[in-house]
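Single-structure report; data block below.
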Amino acid sequence: MITETNSPENNKPAKKTIFSGVQPSGNLTIGNYLGAIKNWTVLQDEYNCIYCVVDMHAITVRQVPADLRRRTYETLALYIAAGLDPKSNILFVQSHVPAHAVLSWDLGCFTMYGELGRMTQFKDKSRKNADNINAGLFTYPVLMAADILLYQTDLVPVGIDQRQHLELARDIAIRFNNLYSPTFTVPEGYIPETGMKIMSLADPTKKMSKSDSNPNASVGILDSRDVIISKMRRAVTDSGSEVRYGEGKDGINNLINIYCCFTGKTREETEKEFEGKGYGEFKAAVGETVADGLSSLREEYSKLIGDKQYLDEIMRSGAEKAAAIARKTITKVHRKIGYVSL
Ligand code: TRP
7 MITETNSPEN
17 NKPAKKTIFS
27 GVQPSGNLTI
37 GNYLGAIKNW
47 TVLQDEYNCI
57 YCVVDMHAIT
67 VRQVPADLRR
77 RTYETLALYI
87 AAGLDPKSNI
97 LFVQSHVPAH
107 AVLSWDLGCF
117 TMYGELGRMT
127 QFKDKSRKNA
137 DNINAGLFTY
147 PVLMAADILL
157 YQTDLVPVGI
167 DQRQHLELAR
177 DIAIRFNNLY
187 SPTFTVPEGY
197 IPETGMKIMS
207 LADPTKKMSK
217 SDSNPNASVG
227 ILDSRDVIIS
237 KMRRAVTDSG
247 SEVRYGEGKD
257 GINNLINIYC
267 CFTGKTREET
277 EKEFEGKGYG
287 EFKAAVGETV
297 ADGLSSLREE
307 YSKLIGDKQY
317 LDEIMRSGAE
327 KAAAIARKTI
337 TKVHRKIGYV
347 SL
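Just so we're aligned, residue 7 is where the sequence shown starts under my numbering, counting upward by one.
As structure tokens, this is what we get:
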């Protein structure tokens with residue numbers, strides 16, 4: 007034990023802190039919206055919320071520079087269009103706060119090679135990007151741990167696919183705290199009551215992903231009305247015809263879930279509504295509902311995306327607020343490690 011007493015609770019705000027991030031690496035889907043961003047909007051009063059556009063994570067796979075830049079703006083605009091108020095949440099871009107890279111290095115020295123090698127997402131992505139298994143892809147979870155631990159985060163709303171990374175962040179925090187003295191808040195996962203895992207429309211056993219190469223697998227938040235309706239019409243379902251939730255009916259279950267999220271109806275209500283009607287009619291209704299449900303968001307988004315100056319301001323002020331919190335953690339960590347402070 008290397009002693010130096012300092013409680014991580016020292017300069018903690020009264021409200022609990024929530025941190026989460028989305029990569030600007032593809033067009034955001036209704037999966038991102040229903041599974042994450044939409045649920046974040048209900049947390050903004052009760053918690054101290056920090057949402058990051060994690061552009062540094064995105065470059066672990068090759069990105070076209072102009073696309074990365076455009077998507078970074080788009081992701082921020084979507085956060086705001088979806089209802090995240092930049093005044094009550096800290097919204098910022100990861101690369102604007104260098105403390106993420108700094109802490110990531112430090113924490114990397116407290117993370118084991120074997121731990122990183124066990125990460126299923128690393129194994130997955132190495133398979134998919136066999137020609138570019140770079141060190142960043144390997145140390146990706148360390149950067150994610152830095153994101154979380156920098157802000158003394160209490161709760162991290164993440165999907166099931168990020169659970170293993172969160173668990174690693176906890177292990178790293180506990181390890182560091184034990185080796186030195188309490189420094190980091192040990193974060194917990196947070197599953198919002200209304201959270202929903204939306205599956206691919208082409209293969210409903212897989213999660214809907216913005217990086218899916220099949221364009222019909224996902225509905226983009228910004229897809230046009232016609233595109234949404236046509237993708238829903240083509241959604242893969244089983245050979246049955248009754249709109250009923252049930253085992254082995256992943257496709258129809260997924261569409262029922264999507265419908266419920268947008269209408270606020272329960273599964274039973276939905277089944278009742280479509281009793282005696284076939285899949286075709288149901289799919290058309292889901293398409294209409296999703297298109298309607300996204301229309302005000304899309305309108306708000308188009309206003310925002312045209313106003314780069316406003317978005318730049320949000321990025322700048324978000325980065326300043328984030329950096330101020332991050333600096334406290336970095337100072338503490340560096341003192342404990344034994345770096346000379348000037
Ligand atoms: N790895 C996450 C994903 O791909 C994104 C992410 C980066 C994140 N840093 C984070 C999520 C910190 C939560 C907290 O979905």
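Note that beta-carbon positions come from the ideal geometry of N, C-alpha and C, so glycine has one too. This structure is a prediction, so every number in the text was calculated from the model and none was measured.
Can you name, in chain order, every residue of its own chain whose Cβ lies under 7 Å from the Cβ of residue 81, other than the five neighbours on each side? Walking along the sequence shown from the start, residue 81 turns up at place 75. So the list reads 28, 30, 34 and 59, once near-sequence residues are dropped.
As a quick exercise: from 226, 116 and 318, pick the residue whose alpha carbon is nearest that of residue 183. For this step, residue 183 is matched to residue 177 along the sequence shown. Residue 116 is the option with its Cα nearest to residue 183.
Near residue 79, which residues of its chain fall below 6 Å by C-beta distance, leaving aside the five closest residues on each side in sequence? Here the question's residue 79 lines up with position 73 in the sequence shown. Around residue 79: 317.
Once the 5 residues before and after residue 290 are set aside, which same chain residues still bring their CB inside 8 Å of it? Here the question's residue 290 lines up with position 284 in the sequence shown. Contacts found: 235, 238 and 239.
Tell me, which residues are paired with residue 194 by DSSP? Numbered from its first residue, the sequence shown carries residue 194 at position 188. Residue 194 pairs with 161.
What would DSSP say about residue 266, mapped onto helix, strand or coil? Working through the sequence shown from its first residue, we reach residue 266 at position 260. Residue 266 falls in the helix class under three-state DSSP.
Quick check on DSSP: helix, strand or coil for residue 332? Position 326 of the sequence shown, counted from the first residue, corresponds to residue 332. Three-state DSSP puts residue 332 in a helix.
Going by beta-carbon coordinates alone, are residue 50 and residue 90 separated by less than 8 Å? Start at 1 with the first residue of the sequence shown, and residue 50 comes out as number 44. Start at 1 with the first residue of the sequence shown, and residue 90 comes out as number 84. Cβ atoms of residue 50 and residue 90: closer than 8 Å.
Contacting residues, own chain, Cβ-Cβ under 7 Å from residue 110 (five flanking each side not counted): By 1-based counting over the sequence shown, the position of residue 110 is 104. Around residue 110: 148, 149 and 152.
Between which residues of its own chain and residue 15 is the CB-CB distance below 6 Å, once the five residues before and five after are set aside? Reading the sequence shown from its first residue, position 9 is the one you call residue 15. With a pLDDT of 49 at residue 15, under the threshold of 50, the modelled position of this residue cannot be trusted; read the value that follows with caution. Once the five neighbours on either side are set aside, residue 15 has no close Cβ partner at all.
With H, G and I counted as helix, E and B as strand and the rest as coil, what does DSSP make of residue 205? The residue you call residue 205 lines up with position 199 of the sequence shown. Correct three-state label for residue 205: strand.
Contact check, residue 296 vs residue 65, beta carbons under 8 Å: In the sequence shown, residue 296 corresponds to position 290, counting from 1. In the sequence shown, residue 65 corresponds to position 59, counting from 1. Cβ atoms of residue 296 and residue 65: not closer than 8 Å.
Out of curiosity, what's the CA-to-CA distance linking residue 187 and residue 265? Along the sequence shown, read from residue 1 onward, the residue named residue 187 stands at position 181. Along the sequence shown, read from residue 1 onward, the residue named residue 265 stands at position 259. The straight-line gap from Cα to Cα measures roughly 49 Å.
Which of the three DSSP states is assigned to residue 1 in this structure? Since the first residue of the chain shown is 7 and the last is 348, residue 1 is not available in this structure.
Using only the alpha-carbon positions, how far apart do residue 214 and residue 344 sit? Position 208 of the sequence shown, counted from the start, is the residue given in the question as residue 214. Position 338 of the sequence shown, counted from the start, is the residue given in the question as residue 344. Approximately 45 Å, taken between the alpha carbons.
Tell me whether residue 206 is buried or exposed, calling it buried when 16 or more other Cβ atoms sit within 10 Å of its Cβ. Mapped onto the sequence shown, residue 206 falls at position 200. Residue 206 is buried by the Cβ-count criterion.
Please classify residue 27: does DSSP put it in a helix, a strand, or coil? The count along the sequence shown starts at 1 and reaches residue 27 at position 21. Strand at residue 27.
Suppose you measure from the CA of residue 163 to the CA of residue 120; what does that come to, to the nearest Å? As a first step, residue 163 must be located in the sequence shown, where it is residue number 157. As a first step, residue 120 must be located in the sequence shown, where it is residue number 114. Distance between the alpha carbons of residue 163 and residue 120 is about 26 Å.
Let me know the secondary structure DSSP gives residue 172 once reduced to three states. Stepping through the sequence shown from its first residue, residue 172 is reached at position 166. Helix.
Nearest candidate by alpha-carbon position, reference residue 304, set 47, 72, 88 and 63: On the sequence shown, residue 304 is found 298 positions in, with the first residue counted as 1. Nearest C-alpha to residue 304: 88.
Is the CB-CB distance between residue 61 and residue 74 below 8 Å? As a position in the sequence shown, residue 61 is number 55, starting the count at 1. As a position in the sequence shown, residue 74 is number 68, starting the count at 1. A contact, by the Cβ cut-off of 8 Å.
Count the other CB atoms, across all protein chains shown, that sit within 10 Å of the CB of residue 348; report buried if there are 16 or more and exposed otherwise. Here residue 348 corresponds to residue number 342 of the sequence shown, with the count starting at 1. With fewer than 16 other Cβ atoms within 10 Å, it is exposed.
On the criterion of 16 or more Cβ atoms from any shown chain inside 10 Å, does residue 185 qualify as buried, or is it exposed? Your numbering for residue 185 matches position 179 in the sequence shown. Classification of residue 185: exposed, given that the 10 Å Cβ count is below 16.
If you drop the 5 nearest sequence neighbours on each side, which residues of the same chain put their C-beta closer than 7 Å to that of residue 210? Walking along the sequence shown from the start, residue 210 turns up at place 204. Taken in chain order, the residues that qualify are 242, 256, 257 and 260.
Measure the alpha-carbon distance for residue 172 versus residue 197 and round it to whole angstroms. By one-based count along the sequence shown, residue 172 stands at place 166. By one-based count along the sequence shown, residue 197 stands at place 191. So the alpha carbons of these two residues sit roughly 13 Å apart.
Collapsed DSSP secondary structure at residue 296 in the structure displayed: In the sequence shown, residue 296 corresponds to position 290, counting from 1. Three-state DSSP puts residue 296 in a helix.
Once DSSP output is grouped into helix, strand and coil, what is the label at residue 10? Position 4 of the sequence shown, counted from the start, is the residue given in the question as residue 10. Confidence in residue 10 is poor, its pLDDT being 38 and thus under 50, which makes the residue's placement unreliable; the coordinate value appears in the next sentence. In this structure, residue 10 counts as coil in the three-state DSSP scheme.
Answer yes or no: do residue 285 and residue 249 have a C-beta to C-beta separation smaller than 8 Å? Position 279 of the sequence shown holds residue 285. Position 243 of the sequence shown holds residue 249. Taking 8 Å as the Cβ cut-off, residue 285 and residue 249 qualify as a contacting pair.
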